[in-house]
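Asks: The sequence shown begins at 13 in this note's numbering and counts up one residue at a time. Ideal placement from N, C-alpha and C gives every residue a C-beta, glycine not left out.
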Amino acid sequence: MNTRHTLWLAGFASILVIAACESADEGYEGEPAPVEDATAPPAPPPPPPSPSMAMEKSNRVATAPTAGMAPPQQVPQPVPGDVDRERYEDVEINPVKLVAEEPVSTFSIDVDTASYAVARRYLNDGTLPPKDAIRIEELINYFDYTYPMPAGPENPFSMNVNIAPSPWAEGRELMQVGLQGYDIELEERPPLNLTLLIDVSGSMSSDDKLPLAKKALAMLIDEMGEEDSVSIAVYAGAAGEVLEPTRATEANKGKILAAFENLSAGGSTAGGEGLRLAYSLAERNLDPDGVNRVMLLTDGDFNVGIADPERLEDFVSRKRETGIYLSVMGFGTGNYNDALMQKIAQTGNGTAGYVDSLNEARKLLKDDLSGNLFPIADDVKIQVEFNPARVAEYRLIGYETRLLNREDFNNDAVDAGDIGAGTSVTAIYEITTTDSDARLIDESRYAEAPEATNEDMSDEYAFLKLRQKAPGADSSKLVTRPITTADYEAGIEESPQWARFATAVAGYGQLLRGDPYTAKEYDFDDVIALAQTARGEDEFGYRAEFINLARLAKTAAAQARLEREGEGRPQ
Numbered sequence: 013m014n015t016r017h018t019l020w021l022a023g024f025a026s027i028l029v030i031a032a033c034e035s036a037d038e039g040y041e042g043e044p045a046p047v048e049d050a051t052a053p054p055a056p057p058p059p060p061p062s063p064s065m066a067m068e069k070s071n072r073v074a075t076a077p078t079a080g081m082a083p084p085q086q087v088p089q090p091v092p093g094d095v096d097r098e099r100y101e102d103v104e105i106n107p108v109k110l111v112a113e114e115p116v117s118t119f120s121i122d123v124d125t126a127s128y129a130v131a132r133r134y135l136n137d138g139t140l141p142p143k144d145a146i147r148i149e150e151l152i153n154y155f156d157y158t159y160p161m162p163a164g165p166e167n168p169f170s171m172n173v174n175i176a177p178s179p180w181a182e183g184r185e186l187m188q189v190g191l192q193g194y195d196i197e198l199e200e201r202p203p204l205n206l207t208l209l210i211d212v213s214g215s216m217s218s219d220d221k222l223p224l225a226k227k228a229l230a231m232l233i234d235e236m237g238e239e240d241s242v243s244i245a246v247y248a249g250a251a252g253e254v255l256e257p258t259r260a261t262e263a264n265k266g267k268i269l270a271a272f273e274n275l276s277a278g279g280s281t282a283g284g285e286g287l288r289l290a291y292s293l294a295e296r297n298l299d300p301d302g303v304n305r306v307m308l309l310t311d312g313d314f315n316v317g318i319a320d321p322e323r324l325e326d327f328v329s330r331k332r333e334t335g336i337y338l339s340v341m342g343f344g345t346g347n348y349n350d351a352l353m354q355k356i357a358q359t360g361n362g363t364a365g366y367v368d369s370l371n372e373a374r375k376l377l378k379d380d381l382s383g384n385l386f387p388i389a390d391d392v393k394i395q396v397e398f399n400p401a402r403v404a405e406y407r408l409i410g411y412e413t414r415l416l417n418r419e420d421f422n423n424d425a426v427d428a429g430d431i432g433a434g435t436s437v438t439a440i441y442e443i444t445t446t447d448s449d450a451r452l453i454d455e456s457r458y459a460e461a462p463e464a465t466n467e468d469m470s471d472e473y474a475f476l477k478l479r480q481k482a483p484g485a486d487s488s489k490l491v492t493r494p495i496t497t498a499d500y501e502a503g504i505e506e507s508p509q510w511a512r513f514a515t516a517v518a519g520y521g522q523l524l525r526g527d528p529y530t531a532k533e534y535d536f537d538d539v540i541a542l543a544q545t546a547r548g549e550d551e552f553g554y555r556a557e558f559i560n561l562a563r564l565a566k567t568a569a570a571q572a573r574l575e576r577e578g579e580g581r582p583q
């Protein structure tokens, strides 16, 4: 996957700390030094609640409601002081590329959804999210687009393509690519060896952090089967083992839930010791025929311990080679470290989610459990080569932190994103054809007019390539598909439902981020109108909620503009 060291190294160092007592010649691969059990359950422990009682208690929580070129500052952004100590990576928006100069686009897939939930939290609070919090691919991939389901692991993905005029830029078109991974039936799921690493430092004491995390984990345990196992490690000023690897049988679930109930927050944050202990627990119970995963639950406010960043990154990369996935779930407001959460998940071959409500916890750990915990493909890469005879310019909307070099596509040693069972991934390119007057980059004075290299390719817009590995495999498999005029729809309203809704979400993300590539007259009303035509069955109400969020964004943007005008700030 793409690495951007300079922006996150300092923050990344603060989670992964090598124990201070480690000698200079001691390798980081060794077992963690003995540490004090930070939250050992009292002896004797109270009688554990039954799983049903714990779930009933866990459900008593308020949930979130469901139901011309513009300048970059088109949507006013909150001033820096509004963001408290929350940290988001500053990423440059993907620029327009000339096909004549750079005909190939390569990137890693991204199935994270944290950005969508973070933006929702801000909008539900009546304010616009900071633009750096918006990763458009995570907004788009929050939704299920009901793509055709592939048969199974022999052909793990269906490939879906649609081209239609762009609703925010006259003279340009959107080329959408949707991948759908095969699903795994419940009885066919491999055993899960899950190690939960829970931040119990003082910053986790508020209701939207550790208390919410415990309720979320109760739902997760309810979904685990008797062949699955769970262990629990915690960290604050020190790290400790709360629950040794334990089978998630019905008889044991009360014991597991009791371990959650006994946790409380307090102290500073020594995340590195906890991470090392969590990996040690996962390795102790390593199942070569199952899925081995460490899940970190934290607000990312790590404030103890600093070590060499490159050595720490190497530590996580090496642990990844053991076959143990590392995923993160973020919680809370005010000091949430989104940049750190993202980088940890990417380095550890995992997913990054953000839990702003019990509804979101249910989506991540119940409704989408298979997709978030059970991988079906590793190192999934996409490469698109554009036909210069038909396409003059393109830009990839989103995936800024997932870009790869062209040569990385065929290099199986280069890491990329993984995808879970039943999960889909959607990417959108905005393209400008050679006969369009909407081109942003002038033609070179001395360039020859491009021609199709083969008569059989004259109807092709581009050539799509997909590489992926079976979980644990060393070599990848290649699947290809031409993108042709047969994939074109004359109007966005004639496009399939999935393409219309994905387009609405992409427009919403660009407006929130203040992208300079949308027409000045394009606004949240256009987003709402298009999304309403593509709500479909909407079993869980996620699309209806999106439409409501777009309305909230419209109101928040108008309010922010009025406040800035009142303060005499330029628009």
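Would you kindly work out how many angstroms separate the C-alpha atoms of Ile495 and Ile504, rounded to a whole number?
Replies: Locating residue 495 in the sequence shown gives position 483, where the first residue counts as 1. Locating residue 504 in the sequence shown gives position 492, where the first residue counts as 1. Taking the straight line joining both Cα atoms gives about 17 Å.
Asks: Is it the case that the Cβ atoms of Thr359 and Val403 are separated by a distance below 8 Å?
Replies: On the sequence shown, residue 359 is found 347 positions in, with the first residue counted as 1. On the sequence shown, residue 403 is found 391 positions in, with the first residue counted as 1. No, Cβ-Cβ distance for Thr359 and Val403 is not below 8 Å.
Asks: So Leu308 is in the beta strand (DSSP E); what residue range does that whole segment cover?
Replies: Here residue 308 refers to the residue found at position 296 of the sequence shown. From DSSP, the beta strand (DSSP E) with Leu308 extends over Val303 to Thr310.
Asks: Of all the options Leu476, Ser178, Ser436 and Leu186, which has the alpha carbon lying nearest to the alpha carbon of Pro160?
Replies: Mapped onto the sequence shown, residue 160 falls at position 148. The option with the nearest alpha carbon to Pro160 is Ser436.
Asks: Which residue comes first and which comes last in the alpha helix (DSSP H) that contains Lys265?
Replies: Locating residue 265 in the sequence shown gives position 253, where the first residue counts as 1. From DSSP, the alpha helix (DSSP H) with Lys265 extends over Glu262 to Glu273.
Asks: Spatial neighbours of Phe475 within its chain, please: CB distance less than 6 Å, with the 5 preceding and 5 following residues excluded, ordered by chain position.
Replies: As a position in the sequence shown, residue 475 is number 463, starting the count at 1. These residues qualify, in order along the chain: Glu397 and Pro494.
Asks: Can you tell me whether Asp137 is buried or exposed, with buried defined as 16 or more other CB within 10 angstroms of its CB?
Replies: Walking along the sequence shown from the start, residue 137 turns up at place 125. Exposed, because fewer than 16 other Cβ atoms sit within 10 Å of the Cβ of Asp137.
Asks: With DSSP as the reference, identify every bridge partner of Leu574, one or two as the case may be.
Replies: As a first step, residue 574 is located in the sequence shown; it is residue number 562 there, counting from the start. Looking at the DSSP assignment, Leu574 forms no beta bridge with any residue, so it has no partner.
Asks: If distances are taken between C-alpha atoms only, which option among Pro141, Glu197 and Ala248 comes closest to Phe386?
Replies: Along the sequence shown, one-based indexing puts residue 386 at 374. It is Glu197.
Asks: With 8 Å as the threshold, decide whether the Cβ of Glu185 is near any Cβ in chain D.
Replies: Here there is only one protein chain, and chain D is not present.
Asks: Name the residue from Ala502, Arg525 and Asn205 whose alpha carbon lies nearest to the alpha carbon of Gly183.
Replies: As a working mapping, residue 183 is identified with position 171 in the sequence shown. For Gly183, the nearest C-alpha among the options comes from Ala502.
Asks: For a quick check, are the C-beta atoms of Leu293 and Ser243 less than 8 Å apart?
Replies: Your numbering for residue 293 matches position 281 in the sequence shown. Your numbering for residue 243 matches position 231 in the sequence shown. Contact: yes.
Asks: Going residue by residue through the stretch 319-369, where are the continuous alpha helix (DSSP H) segments of at least 4 residues, counting only ones entirely within it?
Replies: Correct list: 321-333 and 350-359.
Asks: In whole angstroms, what is the alpha-carbon distance linking Thr445 and Pro400?
Replies: In the sequence shown, counting from the first residue as 1, residue 445 sits at position 433. In the sequence shown, counting from the first residue as 1, residue 400 sits at position 388. Answer to the nearest angstrom: the Cα atoms are 9 Å apart.
Asks: Excluding five sequence neighbours on each side, which residues of the same chain lie with their C-beta closer than 6 Å to the C-beta of Ala439?
Replies: The residue given as residue 439 occupies position 427 in the sequence shown. Once the five neighbours on either side are set aside, the close Cβ partners of Ala439 are Val189.
Asks: Any idea which residues DSSP pairs Leu208 with across the strands?
Replies: Stepping through the sequence shown from its first residue, residue 208 is reached at position 196. According to DSSP, Leu208 bridges with Ile244 and Met307.
Asks: What number of angstroms, rounded off, separates the C-alpha of Thr51 from the C-alpha of Asp219?
Replies: Counted from its first residue, the sequence shown places residue 51 at position 39. Counted from its first residue, the sequence shown places residue 219 at position 207. Low per-residue confidence applies at Thr51: pLDDT is 41, beneath 50, and the placement is therefore not dependable, though the value from the model is reported in the following sentence. About 19 Å.
Asks: Should the stretch 377-384 be regarded as contacting the stretch 469-489, the criterion being three or more beta carbon pairs within less than 8 Å?
Replies: Contact fails: fewer than three Cβ-Cβ distances are below 8 Å.
Asks: Can you tell me where the beta strand (DSSP E) with Met171 in it begins and where it stops?
Replies: The residue given as residue 171 occupies position 159 in the sequence shown. Met171 -> beta strand (DSSP E) spans Phe169 to Pro177.
Asks: Out of Lys109, Arg133, Glu101 and Asp156, which has the shortest C-alpha to C-alpha gap to Phe552?
Replies: For this step, residue 552 is matched to residue 540 along the sequence shown. Among Lys109, Arg133, Glu101 and Asp156, the Cα nearest to that of Phe552 is on Asp156.
Asks: Checking the sheet assignment: what are the DSSP bridge partners for Arg407?
Replies: The count along the sequence shown starts at 1 and reaches residue 407 at position 395. Glu442, per the DSSP bridge assignment.
Asks: Going by Cα to Cα distance, which pick from Lys109, Ala129 and Leu191 is closest to Glu150?
Replies: By one-based count along the sequence shown, residue 150 stands at place 138. Answer by Cα proximity: Ala129.
Asks: Looking at the structure shown, is Asp468 part of a helix, part of a strand, or coil, going by DSSP?
Replies: For the purposes of this step, residue 468 is identified with residue 456 of the sequence shown, where counting begins at 1. In this structure, Asp468 counts as helix in the three-state DSSP scheme.
Asks: When you compare each of Thr345, Ile443 and Ala290 to Tyr337 by their alpha carbons, which one comes out closest?
Replies: Locating residue 337 in the sequence shown gives position 325, where the first residue counts as 1. Of Thr345, Ile443 and Ala290, the residue nearest in Cα terms is Ala290.
Asks: Can you tell me the Cα-Cα spacing of Thr108 and Leu408, whole angstroms?
Replies: What you label residue 108 is simply residue 96 of the sequence shown in a count that begins at 1. What you label residue 408 is simply residue 396 of the sequence shown in a count that begins at 1. The sequence given here has Val at residue 108, not Thr. Looking at the two C-alpha atoms, the distance is approximately 8 Å.
Asks: Buried or exposed, going by whether 16 or more other CB atoms sit within 10 Å of the CB of Pro56?
Replies: Along the sequence shown, read from residue 1 onward, the residue named residue 56 stands at position 44. Low per-residue confidence applies at Pro56: pLDDT is 42, beneath 50, and the placement is therefore not dependable, though the value from the model is reported in the following sentence. So Pro56 ends up on the exposed side.
Asks: In or out: Glu253 buried (at least 16 other Cβ within 10 Å) or exposed?
Replies: Here residue 253 refers to the residue found at position 241 of the sequence shown. Buried is the call here.
Asks: Roughly how many whole angstroms lie between the Cα atoms of Val123 and Gly214?
Replies: Mapped onto the sequence shown, residue 123 falls at position 111. Mapped onto the sequence shown, residue 214 falls at position 202. The alpha-carbon atoms of Val123 and Gly214 are separated by roughly 31 Å.
Asks: How far does the alpha helix (DSSP H) with Ala498 in it extend, from its first residue to its last?
Replies: By one-based count along the sequence shown, residue 498 stands at place 486. Looking at the DSSP string, Ala498 is not in any alpha helix (DSSP H), and its letter there is neither H nor E.
Asks: Given Ile453, which residues of its chain have a CB within under 7 Å of its CB, disregarding the five upstream and five downstream residues?
Replies: Translated into positions along the sequence shown, residue 453 becomes position 441. Hits under 7 Å: Val108, Leu110 and Glu405.
Asks: Leaving aside the five residues before and after Val340 along the sequence, list all residues of the same chain whose C-beta is less than 6 Å from its C-beta, in chain order.
Replies: The residue given as residue 340 occupies position 328 in the sequence shown. So the qualifying residues of the chain are Leu308, Met353, Ile356, Ala357 and Ala364.
Asks: By Cβ distance below 6 Å, which residues in the same chain neighbour Asp94 in space, the five residues on each side in sequence not counted?
Replies: As a first step, residue 94 must be located in the sequence shown, where it is residue number 82. Below a pLDDT of 50, predicted positions are generally treated as unreliable, and Asp94, at 44, falls in that range; the measurement from the model is reported next regardless. Counting only Cβ-Cβ distances below 6 Å, and skipping sequence neighbours, we find nothing.
Asks: For Pro53, which residues from the same chain have a beta carbon less than 8 Å from its beta carbon, with the 5 sequence-adjacent residues on both sides left out?
Replies: Stepping through the sequence shown from its first residue, residue 53 is reached at position 41. Any reading at Pro53 must be qualified, since the residue scores a pLDDT of 42, below 50, and its modelled position is unreliable; the value itself is stated next. Same-chain partners within the cutoff: Val254, Ala270, Ala271 and Asn274.
Asks: Grouping DSSP H, G and I as helix and E and B as strand, with all else coil, what is Pro83?
Replies: In the sequence shown, residue 83 corresponds to position 71, counting from 1. For Pro83, the pLDDT reaches just 43, beneath the cut-off of 50, and the residue's location in the model is therefore unreliable, although a value from the coordinates is still provided. In the structure shown, Pro83 sits in coil (DSSP, three-state: anything other than H, G, I, E or B).
Asks: Around the C-beta of Pro141, are 16 or more other C-beta atoms found within 10 angstroms, so that it is buried, or is it exposed?
Replies: Walking along the sequence shown from the start, residue 141 turns up at place 129. So Pro141 counts as buried.
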